[in-house]
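If you're matching them up, the sequences are chains A and B in order. If you read the first sequence in the working numbering, its first letter stands for residue 1, the second for the next number, and so on. If you read the second sequence in the working numbering, its first letter stands for residue 1001, the second for the next number, and so on. To keep things clear, I will list the structure first and then write my remarks on it.
2 protein chains.
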Amino acid sequence: MLPVHLQPESHVPLYVQLRDQLRALVHAGDLRPGDRIPASRELAGALGVHRTTVANAYAELESEGLIQGHVGRGTFIRGDGHGLRITPPAPPVLDGARGIRWELLFADERGEEVLSRLTAAAPEDALSFVMARPAEEFFPVEDLQTCINAVLRREAVEVLRLGPSDGYGPLKEALIDVLRKDGIPVKDENIMITDGCQQSLDLISKAFVRPGDSVILENPAYPGAVAIFNGARARCLAVPVRTHAEPGAALGMDIEALEDTLAANRVKLIVVTPDFNNPTGMSLPMESRRKLLELAARHQVPVVEDHIYGRLYGQEPRVPSLKQLDRGDLVIHIDSFAKVAFPGLRVGWIVAPAAAIERLRVVKQNTDIHTDQLAQASLAEFLKRGLFTKHVAKMRKIYALRLAALDEALRKYMPSGTRWTKPEGGMCLWLELPPGFDASELLIHAKERGVLFAPGRYFYVQNPLPNTLRLSYASMSEKEIARGVAILADLLRAEMKKRERGVRRAERSRVALV
Amino acid sequence: MLPVHLQPESHVPLYVQLRDQLRALVHAGDLRPGDRIPASRELAGALGVHRTTVANAYAELESEGLIQGHVGRGTFIRGDGHGLRITPPAPPVLDGARGIRWELLFADERGEEVLSRLTAAAPEDALSFVMARPAEEFFPVEDLQTCINAVLRREAVEVLRLGPSDGYGPLKEALIDVLRKDGIPVKDENIMITDGCQQSLDLISKAFVRPGDSVILENPAYPGAVAIFNGARARCLAVPVRTHAEPGAALGMDIEALEDTLAANRVKLIVVTPDFNNPTGMSLPMESRRKLLELAARHQVPVVEDHIYGRLYGQEPRVPSLKQLDRGDLVIHIDSFAKVAFPGLRVGWIVAPAAAIERLRVVKQNTDIHTDQLAQASLAEFLKRGLFTKHVAKMRKIYALRLAALDEALRKYMPSGTRWTKPEGGMCLWLELPPGFDASELLIHAKERGVLFAPGRYFYVQNPLPNTLRLSYASMSEKEIARGVAILADLLRAEMKKRERGVRRAERSRVALV
């Protein structure tokens, strides 16, 4: 049998693992042109996976020209002379003897960009629940253009020259004003401008985390945060997020598990998205916020509060942010314009104790000098003219309607056995398929029907649940949302029926979904 | 005597080291209010430094209110009740018992921003040779504004939405065109957009360097590069840059030393600025470029070519860039708009083999998603309309005139015993004072006369020569350049005369300059 080893606990779907390992065997010469490979049923049995997993891997290898089926004879490795089109998984060796094998120089294992791979080659008009991004049809482009022109008329040279690493003065001023209204009174020394929340996490990691340090993340979490701390060679400790009510236990980050993790480890940072967590949509209740801050104070561990979705609350009153509740200078609060408008302009900010900001400013200077000042100045103008507040208010209503449409469609179409979270804002909802179903496999079929989403395994720090998926609805119209959900439900029902009819044997827990 | 330990080989000026250590002794309680501290002459003798070094440290501590002199009695630590104004060197402990001691969390020793400290508190109208930055009075602001408005009219939504991590398509296209004219024919897969050269170095470090890896840098080098690789916990190996002709040895990076370093170490990257090196202004001759590439190929070590000053050549013909000469896919070529125009827009690019770009793209995505697209699109338009080429041509002439003015002023005013490099472009020139003089101490006096520059020690990876300094002339008019040089020469002559008159005893090699 083939030397293939699949890792069901990996973020990488099983069929992708199988495809890549078979391809590697061909490249290594272990499989040669003309060699016969096992039938999908045979290999599936040997590996303990569903036959569809093998079939999907074979289909991709066939489309690459690497293998070929012959009726009545089986499947064979193709020879070079047969129009072979190999897409090598690793970069090729360059320029023979003198070339550098770049892939050997990579500092880490190559980050698998599972999400973009899974959604690649989808039709352009697909209904995409994949990205948590703002609705671009409402971008206030003319307002922004007015702001840009005002800036260029008034302060072009100031904007276009080299600027301070902690940010363009007028933007800091305008944000201090916004923060005061948010209930976070800060001084100039408490705020710094960055290229957005992803960079803020990178700067925080560089400033405070050494290789081997432990960082607490939610599980599931924003993959960009996991990538940052993995890249910094930190130990990522996962604290579960409770997505469904249980007796005596609050929704959101499991505070008891947090307490245990803090007690058992020397932790350097706690990273949390208290409002409308990406990917689950869950928020941390008031009582959990207080407890989290108490624990952080007791263990003297700073808390990074990712507030990127915080303004997109669907209902009043807002639960106070951790930074609002912070009486011990414990919280590094990060935020960005990206989920409200203009993610193509890369501007975010960090609010933190002055000592932390001073350190982050030095790191920022050593990282990229400073953030683009045309974007900073234009957004400062956008804030000062009240256009930001106006746009947030408008988008909150639109996203609330879209979220309601999503919930309604799920209730209308989804079969029993599925369940989903009830976010009160943000951009994401978390759907659980019945146990035994794999959202990555569902995606393959959904893609054929023109619907895309993000499989849940992509978001887990550890112990991924393959039957989960994220639906990001903010950039879709209510009609598109309903249509997309109906298609997903349709596929799911069809598969459930097949299973009920006993067409298949009892499924193993990590079985594939047709 | 006081427990003070000065490090003459440090980047930090001696008087700053002394000041900070004395302050720390007070904060630690080793020196208490009312304690008498040694007279400056006495302490200088004990430490083996010039008395002025101690006097400068004392002067700063006095201005902070930490110490006070009493005529006829000596100098004493002040008590809390005497208007004490302490500027603590480390961030304060926050909120007493519950606050986090942020300074204990810093992942590294805090990066001393010597340059900004040294030049802080200078008068606004000072003649500043400090920053290597473009002349902002020639910024083609109206041209840029036209480009921005064209972009917003035509492609606002594309620009303002989330974009690809490897860069905005039209900018990549426009740069491929520029590169073809530079003699570097590349495909889309060989280029990536970044936030500028500082970020390019950061991404390269993240992609290819692990803690403990060895990286070769020029000595002296661009401090931003040193900060990046130090931050990545790499071993920085210094290869000297020869700034003055010696028999049988080429100017620029010492290729024999490079060969020895490569032979003695497993090296991960060679980082070099072949054209108009910052800080020395030196360029690598053609023969050295070929040898460098041969060595890199033999040892299979990639070369990072910092081309940021490459377009600002004063004379034809240009020496080909390393990337132009690269036949082995060895070179990662980094470049930026920042030295030509608009450093406030943070846009640069990397040209490299496809395998390296693919890796860098993933790192970029995990670092800050992508570079600001309004800046990218506007600069693409600026390139496509031929405005970039036009502006570079204009600025090359202006900078050549300024460089000539600098060289002329140096020849006219500087005393014998000084020497300086003869750059053929770029923005920097490297001046050597006579042995025994310390440019950091000269700066203290120059600042009083309204002239600023960057002391050379700030640029050394190791073995700093305290008698060197960098003069960046690009942002100063020819008159300002002449005036600034005259003042520096004046201060230097005065000091030389004092020494000649034998007012002072024979100076030690690392003595201070009054």
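Ideal Cβ placement from N, Cα and C applies to all residues, glycine included.
Limits of the beta strand (DSSP E) - the one that residue i falls within
| i | result |
| --- | --- |
| A/N366 | Here A/N366 belongs to no beta strand (DSSP E); instead the alpha helix (DSSP H) covers A354 to D368. |
| B/H1333 | V1331 to S1336 |
| A/T240 | Looking at the sequence provided, one finds Pro at residue 240 of chain A rather than Thr. Note, A/P240: beta strand (DSSP E), R235 to R242. |
| A/L179 | Element bounds for A/L179: not the beta strand (DSSP E) but the alpha helix (DSSP H), G169 to K181. |
| A/T418 | Premise fails: A/T418 is in no beta strand (DSSP E) and is neither H nor E. |
| A/S472 | T468 to S472 |
| B/G1348 | G1348 to V1351 |
| B/K1268 | V1267 to V1272 |
| B/I1191 | I1191 to T1194 |
| B/E1158 | Unbroken run through B/E1158 is the alpha helix (DSSP H), V1141 to L1160; no beta strand (DSSP E). |
| B/I1067 | I1067 to H1070 |
Integer-rounded CB distance, given that residue j should sit under 8 angstroms from residue i
| i | j | result |
| --- | --- | --- |
| B/S1310 | B/R1396 | Reading off the sequence, residue 1310 of chain B comes out as Gly, not Ser. Not quite, the Cβ-Cβ distance comes to about 11 angstroms (not below 8 angstroms), so this is no contact. |
| A/I77 | A/V4 | 15 angstroms between Cβ atoms; not a contact. |
| A/R457 | A/S477 | With a Cβ gap of about 28 angstroms, A/R457 and A/S477 do not count as contacting. |
| B/A1446 | B/L1488 | 6 angstroms |
| A/G252 | A/S288 | 6 angstroms |
| B/G1196 | B/R1346 | 5 angstroms |
Through-space distance from residue j to residue i, alpha-carbon basis
| i | j | result |
| --- | --- | --- |
| B/P1164 | B/W1349 | 14 angstroms |
| B/L1002 | A/A263 | 43 angstroms |
| B/H1391 | A/R23 | 51 angstroms |
| B/Q1145 | A/R361 | 30 angstroms |
| A/P279 | A/P134 | 15 angstroms |
| A/F342 | A/S378 | 11 angstroms |
| A/S416 | A/L443 | 20 angstroms |
| A/V141 | A/Y222 | 29 angstroms |
| B/Q1376 | B/R1153 | 15 angstroms |
| B/N1177 | B/V1054 | In the sequence as presented, Asn is not what sits at residue 1177 of chain B; that position holds Asp. Each residue's Cα considered, the two are about 57 angstroms apart. |
| A/A249 | A/L325 | 22 angstroms |
| A/D335 | A/V304 | 11 angstroms |
| B/A1355 | B/I1255 | 28 angstroms |
| A/G386 | B/K1394 | 41 angstroms |
| A/D260 | A/C236 | 15 angstroms |
| A/Y460 | A/L322 | 24 angstroms |
| B/A1122 | B/R1449 | 10 angstroms |
| B/A1156 | B/T1371 | 16 angstroms |
| B/A1046 | B/N1056 | 16 angstroms |
| A/R411 | A/E316 | 24 angstroms |
| A/A227 | B/N1366 | 6 angstroms |
Proximal chain A residues relative to residue i, where beta-carbon distance stays under 9 angstroms
| i | result |
| --- | --- |
| B/K1390 | Within chain A, no residue comes near B/K1390; the closest Cβ sits about 17 angstroms away, beyond 9 angstroms. |
| B/T1146 | Those do not exist, as B/T1146 stays about 10 angstroms from chain A at its closest Cβ, beyond 9 angstroms. |
| B/L1258 | In chain order: nothing, as chain A lies at least about 17 angstroms away. |
| B/D1020 | Result: empty, since nearest Cβ-Cβ is about 16 angstroms, beyond 9 angstroms. |
Chain-ordered neighbours of residue i on chain B, where CB pairs are closer than 7 angstroms
| i | result |
| --- | --- |
| A/N366 | G1111, G1224, A1227, I1228 and G1231 |
| A/H307 | None at all; the shortest Cβ gap to chain B is about 17 angstroms. |
Where the alpha helix (DSSP H) through residue i begins and ends
| i | result |
| --- | --- |
| A/I216 | First-last for A/I216: S214 to N219, but that is the beta strand (DSSP E), not the alpha helix (DSSP H). |
| A/G231 | P223 to G231 |
| A/V485 | E478 to E500 |
| A/G45 | S40 to L47 |
| B/I1255 | I1255 to A1264 |
| A/E305 | A/E305 -> not in any alpha helix (DSSP H); beta strand (DSSP E) instead, spanning V303 to D306. |
| B/E1448 | A1439 to E1448 |
Chain A contact residues for residue i, given Cβ-Cβ distances below 8 angstroms
| i | result |
| --- | --- |
| B/P1211 | P211 and R233 |
Contact set between residue i and chain B, taken where Cβ atoms lie within less than 8 angstroms
| i | result |
| --- | --- |
| A/E136 | V1157, L1160 and R1161 |
| A/H299 | Within 8 angstroms Cβ-Cβ: nothing; A/H299 doesn't reach chain B, min ~10 angstroms. |
| A/V141 | L1152, A1156, V1157 and L1160 |
| A/A375 | D1372, L1374 and A1375 |
Proximal residues, the segment 1265 to 1295 of chain B versus chain A, C-beta separation under 9 angstroms: Correct list: K1268 and L1269.
Interface residues of the segment 1222 to 1251 of chain B facing chain A [CB-CB below 7 angstroms]: Answer set for the segment 1222 to 1251 of chain B: G1224, A1227, I1228 and G1231.
Interface residues of the segment 174 to 199 of chain A facing chain B [CB-CB below 7 angstroms]: From the segment 174 to 199 of chain A, only D195, G196, Q198 and Q199 have a Cβ closer than 7 angstroms to chain B.
Contact set between the segment 1313 to 1345 of chain B and chain A, restricted to residues whose Cβ is under 7 angstroms from the partner: Those residues of the segment 1313 to 1345 of chain B that come within reach of chain A (Cβ to Cβ, closer than 7 angstroms) are G1328, D1329, L1330, F1342, P1343, G1344 and L1345.
Short-range partners of chain B found in the segment 159 to 173 of chain A, where Cβ spacing is below 8 angstroms: Listed in sequence order: V159, L160, R161, L162 and G163.
Interface residues of the segment 1438 to 1466 of chain B facing chain A [CB-CB below 9 angstroms]: From the segment 1438 to 1466 of chain B, no residue has a Cβ closer than 9 angstroms to chain A.
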